[in-house]
Each structure stands twice: as C-alpha cells, then as structure tokens.
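Report on the following structure.
Residue numbers (our numbering), protein chains in the order written: chain A, 1 to 179; chain B, 180 to 199.
The following block contains the structure:
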C-alpha cells in the first residue's frame, strides 16, 4: 500500500489533535483519544493486505476517536475529572482565598477596632450562613490516570473558620476547615 | 469512564485482528 493512502487515513486524526489542543487548553486536552486510533490505523495500514478492511478500520477508528474526544470534553466539563490538576487546583485555591478575603472584610465590619474577635465559625460570627457551605477540592490520581491523563476530582464540605484575634490582623487567622 | 476505556480497548483489539 502506498504511503499516500496511509497518510490520507491518518490526516483526520491530526486535524482532530490540533482542534482539541487549541479548543481545550484550560481543562486539559485529549491525547490518548486520538493517538491510539491513529497508531491502530498505522499498524493496520502497514500489515493488512485488504484495502476494504483498511478503509473500514480507518473510518471506524475515526468515528471512535470523535466519540472519545467528545466524551473527554464531557468528563472534564462535568466536574468529575480534570486533565490539568495544577490549573484546576490553582483555581480552587483562588476561590478559597476569595472566601477568606470576604470573611475578613465582613468580620472587620461586624467587630469594632478595639475588640477581639472570638474563635469560631465565621458564619456564626457575622450571621451569614454561606460561610458554612464552602468546598475544598483536590485532584487525585486514579488507576487509569497513566492512560487517560484524567485526575478524579475529590470534593469535601468545608467552612470558613476564624482562629480569633484583633480585627486589624485577621488575614492569617482565617482558614478553610474541612467538616 | 467505562465507555472511554472499553472504546480504547475495542480499537486496539480490532487493530490486532486487522493486522494479523
């Protein structure tokens, strides 16, 4: 079989690779989902003598690759998995920092300058139940991470906790505590 | 995830059948 036939058969996978890489930079992009079908087409292209069988395999592998890339997108956007653990964790820590800053501002509004804020849940101290319902998330490797590049997202219920102190020096006395 | 891994497995199995 001439090289051009095999190149023609693998080119849709390369287009898919470029598209997914460009469109899905933040939550991660599929790799194995187009690489395995592409490798399959190469193997069948070199070793299979029947042209019909080769075409059927190439088309089938491409359809499967489309489904796999689509499924990858659904998995990383569904909230259960992430392909870029460091990017996701950076986002989660930023959200936690926002809660801490908001808690600090609310505490400074609630307590006068010359008083000492007692230790306790910020929700009770400022009378805003939202501070009892924050979340702490982690990206965890699973048994298939080496293959799929996907990390499972583990979520824990948490609350904003104030360790007590003067209103002016609260910024490092407020923490996110898991329930 | 099950769909994902089984589809990848199918691609490999069919490639081995086609190559042999």
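Think of the CB as a built atom: it goes at the ideal place given N, C-alpha and C, for glycine as much as any other residue.
Where DSSP assigns a beta bridge to residue i, which residues make up the other side?
| i | result |
| --- | --- |
| residue 155 of chain A | A/137 |
| residue 165 of chain A | A/117 |
| residue 57 of chain A | Note: residue 57 of chain A sits in no beta bridge, so no partner. |
| residue 160 of chain A | A/176 |
| residue 82 of chain A | A/151 |
For residue i, tell me which candidate among the options has the shortest Cα-Cα distance.
| i | options | result |
| --- | --- | --- |
| residue 157 of chain A | A/113, A/131 and A/20 | A/131 |
| residue 133 of chain A | A/155, A/171 and A/29 | A/155 |
| residue 114 of chain A | A/169, A/124, A/50 and A/129 | A/169 |
| residue 3 of chain A | A/100, A/116, A/43 and A/172 | A/43 |
| residue 6 of chain A | A/23, A/38 and A/178 | A/38 |
| residue 97 of chain A | A/176, A/119 and A/1 | A/176 |
| residue 112 of chain A | A/135, A/34 and A/165 | A/165 |
| residue 199 of chain B | A/34, A/23, A/48 and A/36 | A/48 |
| residue 153 of chain A | A/101, A/85, A/95 and A/20 | A/85 |
| residue 171 of chain A | A/102, A/34, A/90 and A/9 | A/102 |
| residue 10 of chain A | A/94, A/58 and A/77 | A/58 |
| residue 91 of chain A | A/135, A/53, A/20 and A/75 | A/135 |
| residue 35 of chain A | A/124, A/12, A/56 and A/53 | A/12 |
| residue 99 of chain A | A/54, A/56, A/129 and A/60 | A/129 |
| residue 76 of chain A | A/167, A/20, A/1 and A/163 | A/20 |
| residue 109 of chain A | A/167, A/32 and A/1 | A/167 |
| residue 193 of chain B | A/56, A/51, A/8 and A/116 | A/56 |
| residue 163 of chain A | A/145, A/116, A/93 and A/50 | A/116 |
| residue 51 of chain A | A/123, A/141, A/124 and A/1 | A/1 |
Assuming residue i and residue j make a contact with CB atoms under 8 Å, what is their CB distance in whole Å?
| i | j | result |
| --- | --- | --- |
| residue 190 of chain B | residue 45 of chain A | Between residue 45 of chain A and residue 190 of chain B the Cβ distance is about 14 Å, and since that is not below 8 Å, they are no contact. |
| residue 107 of chain A | residue 87 of chain A | Going by Cβ atoms, the distance from residue 107 of chain A to residue 87 of chain A rounds to 31 Å, so no, they are not a contact pair. |
| residue 137 of chain A | residue 151 of chain A | Wrong, their Cβ atoms sit about 11 Å apart, outside the cutoff. |
| residue 118 of chain A | residue 161 of chain A | The Cβ separation is near 12 Å, so there is no contact. |
| residue 179 of chain A | residue 159 of chain A | 6 Å |
| residue 89 of chain A | residue 174 of chain A | The pair is not a contact, with the Cβ atoms about 20 Å apart (cut-off 8 Å). |
| residue 23 of chain A | residue 197 of chain B | That pair is no contact at about 31 Å. |
| residue 32 of chain A | residue 149 of chain A | 7 Å |
Review point. Do the stretch 26–34 of chain A and the stretch 78–92 of chain A touch if we need at least three Cβ pairs shorter than 8 Å?
Key: Contact check between the stretch 26–34 of chain A and the stretch 78–92 of chain A: three or more CB pairs, one atom from each, fall below 8 Å, which counts as touching.
Review point. Counting pairs of Cβ atoms below 8 Å between the stretch 16–25 of chain A and the stretch 63–75 of chain A, do you hit three or more?
Key: Output reads yes: the stretch 63–75 of chain A touches the stretch 16–25 of chain A.
Exercise for review: Determine contact between the stretch 50–68 of chain A and the stretch 181–195 of chain B, defined as no fewer than three beta-carbon pairs at a distance below 8 Å.
Suggested key: Contact annotation: the stretch 50–68 of chain A touches the stretch 181–195 of chain B, with at least three C-beta pairs closer than 8 Å.
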